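Trainee:
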Amino acid sequence: MIKSYVQLRAKYRAARNDDVPFESPSEVRPMNHGIRRLSAACRILTVGVVLLFAAACGGGETIVERTVVVEKQVPVQQTVVIPQTVVVEKQVPVVQTVVATVEKIVTPTPPPAKAVKLQVALGALPVNLLGGAMPSQQDRIISTLMYDSFATRDQNGDGPLTPLLGSWTFDGKTVRVKVKNGVQFHNGEKLDAAGTKAVIDYLSSGKTAKFAFTYTRFRDFDLIEVADNSTIDFRLKTPIAFWVIPFRDLFALAPKHLENVGLDGYSDQPVGTGPFQFVQWKRDDSLTLRKFSGYWGQKPVVDEITYRHMPEAAVRIVALEAGQIDIAAFIPPQEVPRLLSKNFRVYTGDSFQTQTVWLDAGRKSVELKDKRVRQAMLYAIDSQGIFNSIVGGYGSFGEGQLSTSAAFGYNPDVKQYPYDPKKAKALLAEAGYPNGFKIKGSATTGRYFRDREVMTALAAQWKQVGIDVEMETPESAAWLQALINNALHPIYNIGMNWGPEDPVSNNRTINERGDPKFTEMANTIRATTDDTLRAKLMRDAIAYANEEAHAWWGYTVPTVYGMKNGLPLITFGKGFEMFIPAASP
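Just so you know, we're using numbering that gives the first Met the number 0 here: the sequence shown kicks off at 0 and counts up by one.
1) If you compare alpha carbons, which of P134, A120, V453, N228 is closest to L482?
2) Could you check what DSSP says for L339 in three-state terms: helix, strand or coil?
3) Only counting the same chain, and skipping five residues up and downstream in sequence, which positions put a Cβ closer than 8 angstroms to that of R451?
4) By the three-class DSSP mapping on this structure, what secondary structure does V453 have?
5) Specify the secondary structure class of I389 as computed by DSSP and reduced to three states.
6) Can you find at least 3 beta carbon pairs, one from the stretch 541 to 559 and one from the stretch 354 to 362, that sit closer than 8 angstroms?
7) Kindly provide the ranges of any alpha helix (DSSP H) runs that are 4 or more residues long and lie completely inside the stretch 385 to 436, ordered along the chain.
8) Would you mind sorting T151 into buried or exposed? The rule is 16 or more other CB atoms within 10 Å of its CB.
9) Who are the Cβ neighbours of R15 in its own chain at under 8 angstroms, not counting the five residues just before and after it?
10) Please report the Cβ distance between G271 and F396, rounded to the nearest whole angstrom; I am assuming they are in contact, meaning their Cβ atoms lie under 8 angstroms.
11) Who are the near neighbours of K370 in its chain, counting only those whose CB is closer than 7 angstroms to its CB and skipping five residues on each side?
12) Could you check if T195 is buried or exposed, using at least 16 other CB atoms within 10 Å of its CB as the buried criterion?
13) Excluding five sequence neighbours on each side, which residues of the same chain lie with their C-beta closer than 6 angstroms to the C-beta of K414?
14) Just to check my reading of the structure: L252 and G130 have Cβ atoms closer than 8 angstroms, yes? What is that Cβ distance to the nearest angstrom?
15) Check the DSSP bridge columns for N492 and list the partner residues they point to.
16) Cβ atoms of N228 and A192: under 8 angstroms apart, would you say?
17) Rounded to the nearest angstrom, what separates P162 and L190 at their Cα positions?
18) Which residues does DSSP list as the beta-bridge partners of V176?
19) Alpha carbon to alpha carbon, how far is L121 from L427?
20) Report back the beta-carbon spacing between D467 and G431 to the nearest angstrom; my notes put them in contact at under 8 angstroms.
21) For my contact list, I330 and L338 are in at a C-beta cut-off of 8 angstroms; report their separation, rounded to the angstrom.
22) Taking 7 angstroms as the limit between beta carbons, can you name the residues of its chain near L257, skipping five residues before and five after?
23) Alpha carbon to alpha carbon, what distance is there between D138 and F210?
24) With a threshold of 8 angstroms, are at least 3 pairs of Cβ atoms found where one atom belongs to the stretch 304 to 313 and the other to the stretch 277 to 286?
25) Run the CB neighbour count on R362, radius 10 Å, all protein chains shown included, and call it buried at 16 or more, exposed below.
26) Please return the same chain residues whose Cβ sits closer than 8 angstroms to the Cβ of G205, not counting the five positions on each side in sequence.
27) L536 and T528: beta carbons closer than 8 angstroms?
28) With DSSP run on the structure shown, which of helix, strand or coil describes R282?
29) Taking K422 as the reference, give the member of F571, V372, V115 with the closest Cα.
30) Beta carbon of D381, beta carbon of I490: below 8 angstroms?
31) Assign T143 to one of two classes, buried (16 or more other C-beta atoms within 10 Å of its C-beta) or exposed (fewer than that).
32) If you run the structure through DSSP and keep just helix, strand and coil, what is V87?
33) Return helix, strand or coil for Q276, following the three-state DSSP convention.
34) Measuring CB to CB, does F571 end up less than 8 angstroms from G394?
35) Between V126 and S475, how many whole angstroms is the CB-CB distance? I'm expecting something under 8 angstroms.
36) With distances taken Cα to Cα, identify the nearest neighbour of D153 among F233, F217, R247, N180.
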């Protein structure tokens, strides 16, 4: 059993011998991706005089004829050597005894293969398991193992979106999708064109599941029709550049099961086509998946995964070191060298998600309606200091825009606001707030890498220029529901997703409530199919959002996972996917 948070926290601090919440990270040694291999030991028993014909420990060794003394010296008085015949107790020749003994050593009965089961601690478990309607990108560590989507990227995440559950063609107006044959759902239903269309129609009908946004992925298509049992045509209303993105978010759902149980029922009893199937879900505690024997692709080497809900990083670390879990998500930077020194493996990577702090995107606050106030808040932030110390330099430093240089349309002329508290105070005075003001904020805990710590640092830096932010930290489900209902406080953090082909449109969802001009710019970008013109429009929109100080785009959310050595070589994708090696055929 996992110990209580108080006990684990005390154990964590005792092990560190201090109460300091953060230390500057030391130089991190390179990761050791090797998996230890242990050879089995061979034991040889001797009775009386032993003539050793052969002993083997693993394949490929030379057979040597010799006498072996095992564990301790055998007194000479107990060993009798007779040149012609050796008699043991009942005058049985030694040759017969030795042969029987060798047979037992060389041909043991192999033990049954032991199932590979993993315990993975996350900062936040999903609150919704409804495939592509799951609202959090972080949940893809689970959803992409239960479900298959119709489009995906390669494991590095840098390539274009490519088909997964079939193939497609596009003539500029219509996307023709050929559904993959032979794909079976976890409940035995078969994937086909009619069922896929039925699922899209159901999701797009306006029904809303708990903890989910209204499904509008296919709003740009005016006709979806079945051509035959394995073919669906998707006709666009007007040509758009990002027609492939809806297929990335289209997870195959079992149509009959969806019709029977509805959206909320499907979330409670999820059925997909992925390599793992749902077993059990205890909300805010644990979620268990088991390998699906009928999976259409390569079978994973892992048999079962249990994800555990542990919001506090300190608790995850103690559980990892105590052997209660195998993998711990979002390891604080200062703990990485220590874990490496204790023979743990640490995986680090980047993501297509930027830690964003919106400055009243919905324009609820009188103070933040003034652009000068929003700009003052950005000048008050020591972005580089936060990235280096609290984030530990993991991920990529934010350059005043949602995406990095990996994205199409990235604007190299846009930079992060420099740290200038004097200018921040001057702008506040100019806007009519020489003594600052009070405002509320919402911060997540454990949902993103170092989220609460970063928000605490931001509040402290804003207070230095006179802006007093009362920061609340709701639990994960309450925070998500408030986000969906547009009920978070004016200042809040969130991981904003983007892709190499489109670093702008995700901002549209947030900004359409507060900046109609930006929404218009984003709509124009979506309707522009000429790459050169679209790249220019993107750069213009990015520069506008930066000048208007819509948000603080601090850094891309890194993936920093601590793991026991000896596990399969598990890695993580830029979309927070969990990649598990395939089992041997």
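Don't be surprised by glycine CBs; every beta carbon is placed ideally from N, CA and C. Being a predicted model, the structure only gives us computed values, none of them experimental.
Mentor: In this structure, then:
1) Distances from the alpha-carbon of L482 to those of P134, A120, V453, N228 put P134 closest.
2) Per DSSP, reduced to three states, the secondary structure at L339 is helical.
3) Around R451: A442, T443, T444, G445, T472.
4) V453 falls in the helix class under three-state DSSP.
5) Note: I389 maps to coil in three-state DSSP.
6) Taking 8 angstroms as the limit for Cβ pairs, the verdict is that the stretch 354 to 362 does touch the stretch 541 to 559.
7) Runs found: 420 to 429.
8) Buried, since its Cβ has 16 or more Cβ neighbours within 10 Å.
9) With a pLDDT of 49 at R15, under the threshold of 50, the modelled position of this residue cannot be trusted; read the value that follows with caution. None.
10) Contact doesn't hold; Cβ gap of about 36 angstroms is too wide.
11) Excluding its 5 nearest sequence neighbours in each direction, K370 has C-beta neighbours in its own chain below 7 angstroms: E547, A548, listed in chain order.
12) Burial call: buried.
13) So the qualifying residues of the chain are E398, G399.
14) Confirmed, Cβ separation roughly 5 angstroms.
15) According to DSSP, which records beta bridges pairwise, N492 is partnered with V356.
16) Cβ distance < 8 angstroms, so A192 and N228 count as in contact.
17) The C-alpha of P162 lies about 15 angstroms from the C-alpha of L190.
18) According to DSSP, which records beta bridges pairwise, V176 is partnered with W167, I231.
19) Between L121 and L427, the C-alpha separation is close to 40 angstroms.
20) The Cβ separation is near 16 angstroms, so there is no contact.
21) I330 to L338, Cβ: 7 angstroms. Contact.
22) The answer, listed in chain order, is V198, Y201, Y265.
23) Approximately 13 angstroms, taken between the alpha carbons.
24) Yes, the stretch 304 to 313 touches the stretch 277 to 286.
25) R362 comes out exposed.
26) T213, listed in sequence order.
27) By the CB criterion at 8 angstroms, L536 and T528 fall outside the cutoff.
28) If DSSP states are grouped into helix, strand and coil, R282 belongs with coil.
29) Checking every option, the nearest Cα to that of K422 belongs to V372.
30) Going by C-beta atoms, D381 is not nearer than 8 angstroms to I490.
31) Only buried fits T143, as 16 or more other CB atoms lie within 10 angstroms of its CB.
32) Because V87 carries a pLDDT of 41, less than 50, the predicted location of this residue cannot be relied on, and no value is offered for it.
33) Assigned with DSSP and collapsed to three states, Q276 falls in strand.
34) Not closer than 8 angstroms, so no.
35) The pair is a contact, with the Cβ atoms about 7 angstroms apart (cut-off 8 angstroms).
36) Out of F233, F217, R247, N180, R247 has the C-alpha closest to the C-alpha of D153.
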